[in-house]
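Chemist:
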Amino acid sequence: MELQQQLIFFFSTLGAANGIALSVYFGFFRKPSLLWHRLLAGLLFVLSFRILKSVFRHFNPQLFEQFVHAGLIACALIGPFLLVYAQRVIYPKSKPFLWALHVIPFLLVMIILSMLFSYYEERTLWGQIIRSIYWQWLIYLLATLWTIKEVLLKATSKKRELSEAEILLLNVFGGVAMIWLAYFTSSYTSYIVGALTFSFLLYLSVLLWALNRKLLSPEKTPYADKQLQKRVVSRIEQELAGKFLTPALYKNPNLKLGELAHELGVSTHQLSQYLNEYRGKSFNEFVNGFRIEAAKEELTKNRLFTTEAIGYDCGFNSKSTFFSTFKKMVGCTPAAYRKSQE
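Okay, so the sequence shown: first residue is 1426 according to my numbering, each after it adds one.
#1: Exposed or buried, what is Lys1721 when buried is set at 16 or more other beta-carbons lying within 10 Å of its beta-carbon?
#2: Answer yes if the stretch 1571-1580 comes into contact with the stretch 1549-1562, meaning at least three C-beta pairs across the two stretches below 8 Å, and no otherwise.
#3: Can you give the beta carbon distance from Gly1504 to Leu1566, rounded, assuming they're within the 8 Å contact cut?
#4: Quick one: grab the DSSP three-state call for Ser1707.
#5: How big is the Cα-Cα spacing for Pro1647 and Phe1715?
#6: Taking its Cβ as the centre, do 16 or more other Cβ atoms sit within 10 Å of Val1534, making it buried, or is it exposed?
#7: State the DSSP-derived secondary structure class of Gln1663, mapped to helix, strand or coil.
#8: Let's see if you can read the secondary structure: which residues bound the alpha helix (DSSP H) around Ser1749?
#9: Give a yes or no on whether the C-beta atoms belonging to Glu1591 and Thr1693 are separated by under 8 Å.
#10: Judging by CA-CA distance, which residue of Gly1756, Asn1701 and Phe1453 is the nearest neighbour of Ile1717?
#11: Just the C-alpha distance for Phe1481 and His1494, rounded to the nearest angstrom, thanks.
#12: Applying the criterion that 16 or more other CB atoms from any shown protein chain within 10 Å of the CB defines a buried residue, is Glu1702 buried or exposed?
#13: Go to Thr1731, then tell me how far its alpha helix (DSSP H) extends in each direction, as first and last residue.
#14: Judging by CA-CA distance, which residue of Leu1502, Asn1709, Glu1688 and Asn1677 is the nearest neighbour of Glu1662?
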């Protein structure tokens, strides 16, 4: 293999390998773990596997058939995973099982076709199937474009800021669209162009995502010269009034600022700034305030539960954190408060 071919092979497989690594991160290690993280993991995995199949097929035309079939199955799932990922970001309260209605039927159909027809013996048939997959991919791209139209309008408006999840969604959609175009036009260019496009866009998207996370980070962004718009303040207050009526949210011990901001449809910076300027509290102080109020009620009503058990039930990760926070906010220990209510 010549040096040029070696470099093409290296960069193509490196992008696919990193894509799989990212899918593992979003699927198993991203905290807090949300459904859209896992759907994004599925999208990255099938896209990366499709790229691996392209690379190995380019350099080894007689690649073993099962791997080729697996790559085509992955290709058929790219569009469905893209749409359900976008829907979950835009509509976080939608039914969690709806993704299966798009993914599972195509998965089953492709598995059955792979079992019935050999890729190397039925090349004409598989050529038609592959063309159908690319048209299916395009249909899902258009459906996703319709789903994210409001996010695109926000992106073009200087008065409306995107959340971290929305920024990542736009990067992913643009990348998947360009990869589809590279594959769809590969007969006029080269089959390996899709793999190289994926590698380039993967690193570009990760870079843009990292930069935007830094810009949106409340610890890094000063508030002094930027006031929140009244519309944003009103939205946050309205959403908070509704969301925190549900104890399941603030009693979640793994609740993070970014997760709450996504639930409210604002950026982490906006939520952090609002809490500091309008509530005079940090994120932890704000959430713990609700937890302590819930704990006070439980301490009064549930005499059979230990104070430690009540602390865990109200969202605290440890006994010491619960006791110290309670004493700081109430002025006494949980046991003393319970006794005073007798």
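Don't be surprised by glycine CBs; every beta carbon is placed ideally from N, CA and C. A quick note: this is a predicted structure, and the numbers were derived from the prediction, not measured.
Modeler: Checking against the coordinates, here is how it stands:
#1: Within a 10 Å sphere around the beta-carbon of Lys1721 sit 16 or more other beta-carbons, which makes this residue buried.
#2: Output reads no: the stretch 1571-1580 does not touch the stretch 1549-1562.
#3: With a Cβ gap of about 7 Å, Gly1504 and Leu1566 count as contacting.
#4: DSSP, reduced to helix, strand and coil, places Ser1707 outside both helices and strands of the structure shown, so it counts as coil.
#5: Confidence is the limiting factor: at Pro1647 the pLDDT is only 46, short of 50, which leaves the residue's position unreliable and the question unanswerable from this model.
#6: With fewer than 16 other CB atoms across the displayed protein chains lying within 10 angstroms of its CB, Val1534 is exposed.
#7: In the three-state reduction of the DSSP assignment, Gln1663 falls in the helix class.
#8: First-last of the alpha helix (DSSP H) with Ser1749: Lys1744 to Val1755.
#9: With respect to Thr1693, Glu1591 sits apart: the two C-beta atoms are not nearer than 8 Å.
#10: Comparing C-alpha distances from Ile1717 to each of Gly1756, Asn1701 and Phe1453 shows the shortest one belongs to Gly1756.
#11: Straight-line Cα distance between these residues: approximately 13 Å.
#12: Looking at its Cβ environment, which holds fewer than 16 other Cβ atoms inside 10 Å, Glu1702 is exposed.
#13: Run containing Thr1731: none; DSSP gives neither H nor E here.
#14: Ranking the options by Cα distance to Glu1662, first place goes to Glu1688.
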